[in-house]
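Residue numbers (the numbering used here), protein chains in the order written: chain A, 1 to 526; chain B, 1001 to 1109. What follows is one structure encoded as structure tokens, with my remarks underneath.
Shown next as structure tokens:
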């Protein structure tokens, strides 16, 4: 039961009172990881170090000297964060076997507060993708594929077909982290978010996915994709837990000069009862082509929910929304071209056997180490950065970026507190369908609703809202003002309480060793 | 318009990554086509935005004090070829063969 509760309200109390010990929690999570191996959510499981951390936590609880809410809490970290002594691969051949010599700042902060690091989660190679299908360790499977809710809505297959050939994707690129939280193998997980990589899988896996304001949480140790947009993302099962994680991670880091210097004060979320002073903006451009009628209806229902509770709900316009994906495409590939230059085989990572010259060794190393997606982005980025193209594409994109950011400034200045939008265009696609289109096309389609928040550096959160007709999670997104995470999360928490998103009912999978989970049903929003 | 073979070869040299096949080149063509949509936007009088934090953050320089280091051993551990405290590279200053001399996909296009 402790596995299901909120960190502040239930798990922390249970640990303090000795109703459950950190070692028990850790062992249970490790066992669950083993029994859900078919999800492929984890690349590395750090069993020994996790148990050691759990034992140390237990000693602290016995002495009455626990470090805080996170002491003894099992967490997972996306495999693009450096973790000392533990392999960090970015799901790429380029970094297979690379053992980090240091901890990313966010990882260090978690460990300093007593969190138990269970392992590193799977992703798209170098966080490029929106499905968590393009890493060298294979795709991640959405736990909801194995839920009672999904199975009872599935068309019965013929006996000859493999029972789980219609499993659905997690979304990406932080799919492993989302799946890990969704399947109860950890209490919280770190992801990263550059174009929606935390919020997208959060929506598809029915968990809370928070993208903090750019500059709030340190990127030191997060292997960079786009330095001007990357942020560490937080994935949890409820909004309160996201606030706990945020409190333990935010703040200036001297090792990351892009973190703001202001003092950050961790906060507890109030239980909002009166929303009459709130102004919710509905950006009309987010009614994007391809948006499913289900999500459109859900979005509308959510707007009505706020209206009926007394909040002011207004339609707003962010006119440059349709250019954000194009702008992102140019800026992202340009920064990627630069960031991937460090992988040359000399100091770390894969190294080719070619010895004729330094350049030929570099070229062969990179040919062998990177997949098509990564190589494609490097080449595109280099094209846009050519002298003859620099003004036309790169600088032009920087100007468009300002227009996109200004759209948000104007809307927030007009009195709107929070924006409400869909997170994804539809529920999770079956893997077989998803791989019909190539990575770049998919990313361009799927990032449309999440990407602009990265462009403007704003905080945004996915809140699981209801189940689709296929029995899969649908989430909605709230976007807030810069550094106003408290307001954003307070509103998100109020919404979460209203919609009562159902708990996943994971079924026994006949091919594998899996235990049956029983839950009480809760009233759902749909 | 299509990207010339010279530019393609130049990109492979700059990026030290190859197109591998016609799909790779097609991918670039599509990426350029996609990016061309940017030119629909009127950006007259708009300054490029380098950072979303431009208003509130001054990139500062910290004091030139050594606060950490002495981790030669750890840093060398992940390198495949090393001698004492050196990373070992193959001979340098040898340019990659020109496009005409290469046995790459681009040669045939």
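Every residue, glycine too, gets a C-beta built ideally from N, C-alpha and C.
- For the 7 Å CB-CB criterion, residue 43 of chain A and residue 109 of chain A do not form a contact.
- When Cβ pairs closer than 8 Å are counted between the two stretches, the region 279 to 297 of chain A is seen to touch the region 306 to 315 of chain A, the count reaching three or more.
- Taking each of A:484, A:417, A:324 and A:470 in turn and checking the Cα distance to residue 444 of chain A, the smallest one comes out for A:324.
- Between the region 1059 to 1071 of chain B and the region 84 to 96 of chain A, the count of Cβ pairs shorter than 8 Å is below three; the stretches do not touch.
- Taking residue 134 of chain A as the centre and dropping the five residues before and after it, the same chain places the C-beta of 124, 125, 373 and 439 closer than 6 Å to its C-beta, in chain order.
- Looking at the backbone, the Cα of residue 1094 of chain B and that of residue 394 of chain A are separated by about 31 Å.
- Annotation: the continuous beta strand (DSSP E) that includes residue 478 of chain A extends over 473 to 479.
- DSSP, reduced to helix, strand and coil, places residue 216 of chain A outside both helices and strands of the structure shown, so it counts as coil.
- Each residue's CA atom was taken as its position, placing residue 59 of chain A and residue 74 of chain A some 16 Å apart.
- By the neighbour-count definition (other C-beta atoms within 10 Å, threshold 16), residue 336 of chain A is a buried residue.
- Put simply, the region 168 to 179 of chain A does not touch the region 402 to 415 of chain A. Fewer than three CB pairs are less than 8 Å apart.
- If you draw a straight line from the Cα of residue 1080 of chain B to the Cα of residue 359 of chain A, it comes to about 17 Å.
- Listed along chain B, the residues sitting closer than 8 Å to residue 254 of chain A by beta-carbon distance are 1062.
- Short of 7 Å from the beta carbon of residue 6 of chain A, and not among the five residues preceding or following it, lie these beta carbons of its own chain, in chain order: 238, 240 and 241.
- By the rule that beta-carbons nearer than 7 Å mark a contact, residue 228 of chain A touches chain B.
- When the alpha-carbon of residue 11 of chain A is set against those of A:102, A:36, A:128 and A:188, the nearest one is in A:188.
- Taking C-beta atoms as the reference points, residue 462 of chain A and residue 475 of chain A count as a pair closer than 7 Å.
- If you draw a straight line from the Cα of residue 37 of chain A to the Cα of residue 55 of chain A, it is about 25 Å long.
- Counting only Cβ-Cβ distances below 7 Å, residue 382 of chain A has contacts in chain B at 1011, 1014 and 1015, in chain order.
- Residues of the region 169 to 182 of chain A with a C-beta atom less than 9 Å from some C-beta of chain B do not occur.
- Looking only at A:139, A:371 and A:29, the smallest Cα-Cα distance to residue 1024 of chain B is reached by A:371.
- Taking the beta carbon of residue 279 of chain A as reference, no residue of chain B falls within 7 Å; the closest one sits roughly 23 Å away.
- Taking a C-beta distance under 7 Å as the contact criterion, residue 382 of chain A and residue 1014 of chain B qualify as a contact pair.
- Within the region 332 to 362 of chain A, contact with chain B at the beta-carbon level (separation under 9 Å) is assigned to 333, 337, 340, 341, 344, 345, 346, 347, 348, 349, 350, 351, 354, 355, 356, 357, 358, 359, 360, 361 and 362.
- By the Cβ neighbour-count rule, residue 1039 of chain B is exposed, with fewer than 16 other Cβ atoms within 10 Å of its own.
- Taking the Cα positions, residue 441 of chain A is about 21 Å away from residue 202 of chain A.
- Of all C-beta pairs linking the region 260 to 272 of chain A to the region 296 to 306 of chain A, fewer than three are shorter than 8 Å, placing the two stretches out of contact.
- Remark: three or more beta-carbon pairs, one from each stretch, lie closer than 8 Å, so the region 288 to 295 of chain A and the region 418 to 426 of chain A are flagged as touching.
- Only buried fits residue 70 of chain A, as 16 or more other CB atoms lie within 10 angstroms of its CB.
- For the region 447 to 462 of chain A, residues whose beta-carbon sits nearer than 7 Å to a beta-carbon of chain B comprise 456 and 457.
- For residue 417 of chain A, the closest C-alpha among the options A:489, A:398 and A:216 is that of A:489.
- Residue 43 of chain A has a beta carbon lying at 7 Å or more from every beta carbon in chain B.
- Chain A places no beta carbon closer than 7 Å to that of residue 1033 of chain B, leaving this residue out of the contacts.
- DSSP places residue 419 of chain A inside the beta strand (DSSP E), whose first and last residues are 418 to 422.
- Cβ-Cβ distances below 8 Å link residue 1044 of chain B to nothing in the same chain once the five nearest sequence neighbours on each side are left out.
- Taking a 10 Å sphere around the C-beta of residue 1001 of chain B, we find fewer than 16 other C-beta atoms and assign the residue as exposed.
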